[in-house]
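The sequence shown: position 177 = 177 (the working numbering), numbered continuously. We put the CB at the ideal spot given by N, CA and C, even for glycine. Presented below is the structure to which this report refers.
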Amino acid sequence: METYLNPSVERWDDLCERPASANPAVEKIVKGILKRVKRQGDDALRELSLEIDKRELGDIQVSQAEIEDAVEAVSPEVTQAIADAAGNIEKFHKAQLPREIRVTTAPGVRCIQRPVAIQKVGLYIPGGTAPLFSTVLMLAIPARIAGCKEVILCTPTGRSGKVSAEVLYAASFYGIEKIYKVGGAQAIASMAYGTQTIPKVDKIFGPGNQFVTTAKQMLGGREVAIDMPAGPSEVMVIADSSAKPAFIAADLLSQAEHGRDSQVMLVCDSLEIVGKVQKQLEKQTAVLDRAEFALSALSNSLAVVFDDLQDIIEFANEYAPEHLIISTRQPWEIADQITSAGSVFVGHYTPESAGDYASGTNHTLPTCGWGRSFSGVNIDSFMRKMTIQEISRKGLAGLGGTIVTMAEAEGLQAHANAVKVRVK
């Protein structure tokens, strides 16, 4: 990890830049994939599977027999863990359900805001080197609680050409039957445009690599709604001398092992902490199965040392990490001043992996600094707020003068007439 000591504010922009920021080469590839899927549908998905994954796609939809086989293959320990985690996720997300609002704003004028579920949603579940069945729970549970009528799921297969048994089990646990063996930018395109096999949806959810994130950003707001820009994983750990270096290193590695383009950052108040954490990183990486990915990610990662606590807080808000762990003597002193982060983990015994799996919060979070303007996935992500109003004849008589005056001042005569013809 490259280390910076009290960097000036002028350098913060450079330090906050992600290694996977806008890449013209990725954008060009994604643009081509989107165009092919839109024109050719299923044929493009099969061709892209051969070109990118070097294997034939075969049936695009996972069969019921495959789902049943997967359910049988998952160990009792994993099924119990999924049930336990799902219970906590359900509790937290059910508490978020919005209520209908009814207000009489003036005599005879009733205004309503009604929460309505998005009807058709598509879930993207990363796969390949690490099939994230936990993400199925994070997306399927709020979708079901919100009341979405149609929920489909796209996920890449492993080298065997099969979808992870745990992913299929988690999906079936929440009644998702339309599951498709498609990953990458082509999966996002298929859900946005629709193909002969995969239905078009109203909104797409789920994290992914640079190609997935770029596809979502290109299509979002044009062809389909998206949850947020959620790209390669990242974590920032804020630490002081009260933190255990072994804990810090484990937290950094829990994100570094996701992939080569992940970024981890240590922000602390002394070079001594950096040195101790570096030793722990070397020790713990040596026994990781995914050490290759972790080492690659660590090569892009940073340690930043500030003497002043306020600088630490302001730098964290500027970076806006996907995950922020605060491992200090008085963590709430910092947590209460954080305004830009996907999810915050407070105290020495709150690892980021708790939020990834089982504490109840959602792990689908904004990355690349989008925590300054986007929320992580929650119940509201699967709903929209629709307004309704009812005005009585008497109510319109009372409100009419205001409407007519404003409409005529804007030069919109027909707007004014819509009131005048009713109150003559």
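So that I know if they touch, is there some Cβ in chain B lying closer than 7 Å to that of residue i?
i: residue 370; result: Note that chain B does not occur in the displayed structure, where there is just one protein chain.
Buried or exposed for residue i, going by 16 or more other Cβ atoms inside 10 Å?
i: residue 234; result: buried
i: residue 121; result: buried
i: residue 180; result: buried
i: residue 230; result: buried
i: residue 160; result: exposed
i: residue 426; result: Because the chain here runs from 1 to 424, residue 426 falls outside it and cannot be looked at.
i: residue 430; result: Outside the shown range of the chain (1 to 424) lies residue 430, about which nothing can therefore be said.
i: residue 412; result: exposed
i: residue 183; result: buried
i: residue 427; result: Nothing in the structure corresponds to residue 427, since the chain is present only between 1 and 424.
i: residue 386; result: exposed
i: residue 214; result: buried
i: residue 32; result: exposed
Between residue i and the rest of its own chain, which residues show a CB-CB distance below 7 Å, the 5 nearest in sequence each way excluded?
i: residue 277; result: 245, 248, 249 and 266
i: residue 70; result: 165, 168 and 169
Go through its chain and collect everything with a Cβ distance to residue i's Cβ below 6 Å, but skip five positions before and after it.
i: residue 112; result: 102 and 388
i: residue 419; result: 400, 403 and 404
i: residue 216; result: 188 and 226
i: residue 157; result: 163 and 181
i: residue 326; result: 238, 334, 335 and 346
Residues in its own chain within less than 8 Å of residue i by CB, not counting five upstream and five downstream?
i: residue 105; result: 111
i: residue 88; result: 358, 359 and 360
i: residue 91; result: 360
i: residue 416; result: 403, 404, 407 and 408
i: residue 116; result: 383, 384, 385 and 386
i: residue 62; result: 163, 168, 179, 180 and 181
Which residue or residues does DSSP assign as beta-bridge partners of residue i?
i: residue 390; result: 110
i: residue 2; result: 302
i: residue 117; result: 383
Would you call the region 398 to 414 in contact with the region 368 to 377, where contact means no fewer than 3 C-beta pairs closer than 8 Å?
no
Below 8 Å, how does it come out for the region 257 to 270 and the region 288 to 306: are there three or more Cβ pairs, yes or no?
yes
What runs of the alpha helix (DSSP H), each 4 residues or longer, lie entirely inside the region 267 to 315?
271 to 285 and 291 to 298
Length-filtered (3 minimum) beta strand (DSSP E) runs lying within the region 182 to 235:
203 to 205
Check whether the region 147 to 157 and the region 104 to 123 are in contact - that is, three or more C-beta pairs closer than 8 Å.
yes
Along the chain, which unbroken stretches of the beta strand (DSSP E) at least 3 residues long are found entirely within the region 120 to 160?
120 to 124 and 150 to 154
As an exercise, report each continuous beta strand (DSSP E) stretch of at least 3 residues that is fully enclosed by the region 357 to 422, in chain order.
383 to 391
Is there contact between the region 38 to 47 and the region 331 to 345, where contact requires at least three CB pairs shorter than 8 Å?
no
Where are the alpha helix (DSSP H) runs, 4 residues long or more, that stay fully inside the region 14 to 42, in chain order?
24 to 40
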